[in-house]
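Count along the sequence shown from 1, add 1, and you get the number used in the working numbering. Glycine included, C-beta positions come from ideal geometry on N, C-alpha and C. A quick note: this is a predicted structure, and the numbers were derived from the prediction, not measured. Following: one structure in structure tokens, then a few remarks.
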Amino acid sequence: MPSTLLERYLSILGVRTRSLSVDALSEIVEAHLTRIPFENISKLYYRTQNRRSLPTLEQYLDGIERYHFGGTCYPNNYFFSQLLRSLGFQARLCGADMSRPDVHLVIMVIIEEKEYLVDVGYGAPFYTPMPRDLDHELVMILGRERYLLLPRDGSGRSRMQMYRDDQLVHSYLAKPEAREISQFEQVISDSFRDEATFMNRLVVARFFPGRSIVMRDLTLTELRGEQSRSQTLGGRKELSAAIREHFGIPEEITREAISGLGEPGDIYS
């Protein structure tokens, strides 16, 4: 990573660490999670600009600084893995299976002969690196949502499960093999297809110490500790205003981003 972009990235995160300790990794992971949201408004907005590919690092940082964008797993985890390697961490990009193989990206980091799972692109409260050498489930709770990282299976894979109200909602299986971003070219391309999930729905998640704010379609939810509070917005005008208030994304950007979506009754189920 060029030094100018490295310094710019670190400035956005508010981090100046050069240590390669677990504490230093935890600091930078938490900084990324709390300063850069998981969101697909940028994906929808760039579609209106005829951009249907992974942004460059410079474009990614521009979006964060100008519009308070972040991204889905592809830019968030890919560029964060580059940042970690540029800082000297032994980090590798890995694929994870969900409904299809390799539709999610994660990062695995080795420090002092221990391996950790890092994921700043799942829209989940993974504030710290998660150890992979578990002998029991690692549980993380925020509001109605509970996340379980299971011990590695016989092939060295780690399963992450997400429950809401004790019902399994979705999960992924992270595979330990190091991958290059070019190996995800097709799945990234598919994510921009008109029928793809994140081209038809809206998700924005912002995390803070001990709480999060999540917009899923027209439902705004605040999760704090083990409590949650939700409200349903009345339409696009309220949606754009709420996103500006809670996430800082300008209303005109949100309006343009969602202009190609169907009516709220169709897409905000």
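Under the three-state DSSP convention, the category Phe199 falls into = Taking the sequence shown and counting its residues from 1, one reaches residue 199 at position 198. Here Phe199 carries a helix assignment [DSSP, helix/strand/coil].
inquiry  = On the criterion of 16 or more Cβ atoms from any shown chain inside 10 Å, does Arg93 qualify as buried, or is it exposed?
reply    = Locating residue 93 in the sequence shown gives position 92, where the first residue counts as 1. Arg93 comes out buried.
ask   = CB-CB under 7 angstroms to Ser27, same chain, minus the five flanking residues each way: which ones, in chain order?
value = For this step, residue 27 is matched to residue 26 along the sequence shown. Counting only residues of its own chain and dropping the five nearest sequence neighbours on each side, Ser27 has a CB closer than 7 angstroms to the CB of Thr129, Pro130.
First through last residue of the beta strand (DSSP E) which encompasses Ser107 = Along the sequence shown, read from residue 1 onward, the residue named residue 107 stands at position 106. A small correction: the amino acid at residue 107 is Val; Ser does not occupy that position in the sequence shown. First-last of the beta strand (DSSP E) with Val107: 105-112.
ask   = From this set, Phe193, Ser231, Leu149, Leu143, which residue's C-alpha is nearest His137's C-alpha?
value = Along the sequence shown, read from residue 1 onward, the residue named residue 137 stands at position 136. Among Phe193, Ser231, Leu149, Leu143, the Cα nearest to that of His137 belongs to Leu149.
query = Between Asp267 and Met2, what straight-line distance do the alpha-carbon atoms span, to the nearest angstrom?
reply = Your numbering for residue 267 matches position 266 in the sequence shown. Your numbering for residue 2 matches position 1 in the sequence shown. Confidence at Asp267 is low in this model, with a pLDDT of 38, below 50, so its placement is unreliable and no value can be given for it.
task = Reducing DSSP to helix, strand and coil, say where Tyr148 ends up.
result = Residue mapping note: residue 148 aligns to position 147 of the sequence shown, counting from 1. DSSP places Tyr148 in strand when its eight states are reduced to three.
key: Buried or exposed by the 16-neighbour rule on C-beta atoms within 10 Å, applied to Val110   = Translated into the one-based positions of the sequence shown, residue 110 becomes position 109. It counts as buried.
ask   = What's the C-alpha gap between Lys115 and Asn51?
value = As a first step, residue 115 is located in the sequence shown; it is residue number 114 there, counting from the start. As a first step, residue 51 is located in the sequence shown; it is residue number 50 there, counting from the start. Between the alpha carbons of Lys115 and Asn51 lies a distance of about 43 angstroms.
query = What are the boundary residues of the beta strand (DSSP E) that Asp98 is part of?
reply = What you label residue 98 is simply residue 97 of the sequence shown in a count that begins at 1. Where Asp98 is concerned, the enclosing beta strand (DSSP E) stretches over 91-98.
ask   = Applying the criterion that 16 or more other CB atoms from any shown protein chain within 10 Å of the CB defines a buried residue, is Gly96 buried or exposed?
value = Start at 1 with the first residue of the sequence shown, and residue 96 comes out as number 95. With 16 or more neighbouring CB atoms inside 10 Å of its own CB, Gly96 falls in the buried class.
inquiry  = I'd like the list of long-range same chain contacts for Gly157, defined as Cβ closer than 7 angstroms, with 5 residues on each side in sequence excluded.
reply    = The count along the sequence shown starts at 1 and reaches residue 157 at position 156. Residues Pro177 of the same chain have their beta carbon placed closer than 7 angstroms to that of Gly157, with the five preceding and five following residues left out of the count.
message = Rounding to the nearest angstrom, what Cα-Cα distance links Arg86 and Gly236 in this structure?
response = By one-based count along the sequence shown, residue 86 stands at place 85. By one-based count along the sequence shown, residue 236 stands at place 235. If I take the Cα positions, the gap works out to 43 angstroms.
task = Would you check if the distance between the CB atom of Val205 and the CB atom of Pro38 is smaller than 9 angstroms?
result = For the purposes of this step, residue 205 is identified with residue 204 of the sequence shown, where counting begins at 1. For the purposes of this step, residue 38 is identified with residue 37 of the sequence shown, where counting begins at 1. Result yes, Cβ atoms of Val205 and Pro38 sit closer than 9 angstroms.
query = CB-CB under 7 angstroms to Arg147, same chain, minus the five flanking residues each way: which ones, in chain order?
reply = The sequence position of residue 147 within the sequence shown is 146, counting from 1. Only residues of its own chain outside the window of five on either side were considered, and among them Val140, Tyr164 have a CB closer than 7 angstroms to the CB of Arg147, listed in chain order.
ask   = DSSP state of Ser20, grouped into three classes?
value = As a working mapping, residue 20 is identified with position 19 in the sequence shown. In this structure, Ser20 counts as coil in the three-state DSSP scheme.
key: Local conformation of His171 per DSSP, three classes   = In the sequence shown, counting from the first residue as 1, residue 171 sits at position 170. In this structure, His171 counts as strand in the three-state DSSP scheme.
Sub-9 angstroms separation of Leu58 and Tyr123 beta-carbons = Here residue 58 refers to the residue found at position 57 of the sequence shown. Here residue 123 refers to the residue found at position 122 of the sequence shown. Against a cut-off of 9 angstroms, the Cβ pair of Tyr123 and Leu58 comes out as no contact.
message = Determine whether the beta carbon atoms of Val119 and Asn78 lie at a separation below 9 angstroms.
response = Locating residue 119 in the sequence shown gives position 118, counting from the first residue. Locating residue 78 in the sequence shown gives position 77, counting from the first residue. With a cutoff of 9 angstroms on beta-carbon distance, Val119 and Asn78 are scored as near each other.
inquiry  = Pop quiz: Phe70 and Ile250 are said to be a contact at Cβ under 8 angstroms. What is the actual Cβ separation, rounded to whole angstroms?
reply    = Translated into positions along the sequence shown, residue 70 becomes position 69. Translated into positions along the sequence shown, residue 250 becomes position 249. Phe70 to Ile250, Cβ: 7 angstroms. Contact.
inquiry  = If contact is defined by three or more beta carbon pairs under 8 angstroms, each pair taking one atom from either stretch, is the stretch 196-211 in contact with the stretch 30-45?
reply    = Contact between the stretch 30-45 and the stretch 196-211 is present, because at least three Cβ pairs lie under 8 angstroms.
key: Continuous alpha helix (DSSP H) stretch holding Ser43: start and end   = Start at 1 with the first residue of the sequence shown, and residue 43 comes out as number 42. Element bounds for Ser43: 42-49.
task = State the Cα-Cα distance for the pair Phe127 and Asp195, rounded to the nearest angstrom.
result = The residue you call residue 127 lines up with position 126 of the sequence shown. The residue you call residue 195 lines up with position 194 of the sequence shown. Rounded to whole angstroms, Phe127 to Asp195 spans 30 angstroms at the Cα level.
ask   = Which two residues bound the contiguous alpha helix (DSSP H) that contains Thr129?
value = Taking the first residue of the sequence shown as position 1, residue 129 is located at position 128. Thr129: not part of any alpha helix (DSSP H); DSSP gives it neither H nor E.
task = Closer than 6 angstroms by C-beta to Asp320: which residues in its own chain qualify, once you throw out the five before and the five after it? Chain order, please.
result = The requested residue 320 is not part of the displayed model; the chain covers only 2 to 270.
key: Reduced DSSP secondary structure (H/G/I, E/B, other) of Lys115   = Looking up residue 115 in the sequence shown gives position 114. In this structure, Lys115 counts as strand in the three-state DSSP scheme.
message = Can you tell me whether Arg36 is helix, strand or coil according to DSSP?
response = Here the question's residue 36 lines up with position 35 in the sequence shown. In the structure shown, Arg36 sits in a helix (DSSP, three-state: H, G or I).
request  = Consult DSSP for Leu6 and reduce its assignment to one of helix, strand or coil.
outcome  = Position 5 of the sequence shown holds residue 6. Note: Leu6 maps to helix in three-state DSSP.
request  = Could you name the residues that DSSP lists as bridge partners for Val215?
outcome  = Looking up residue 215 in the sequence shown gives position 214. Under DSSP, the beta-bridge partners assigned to Val215 are Ala206, Thr222.
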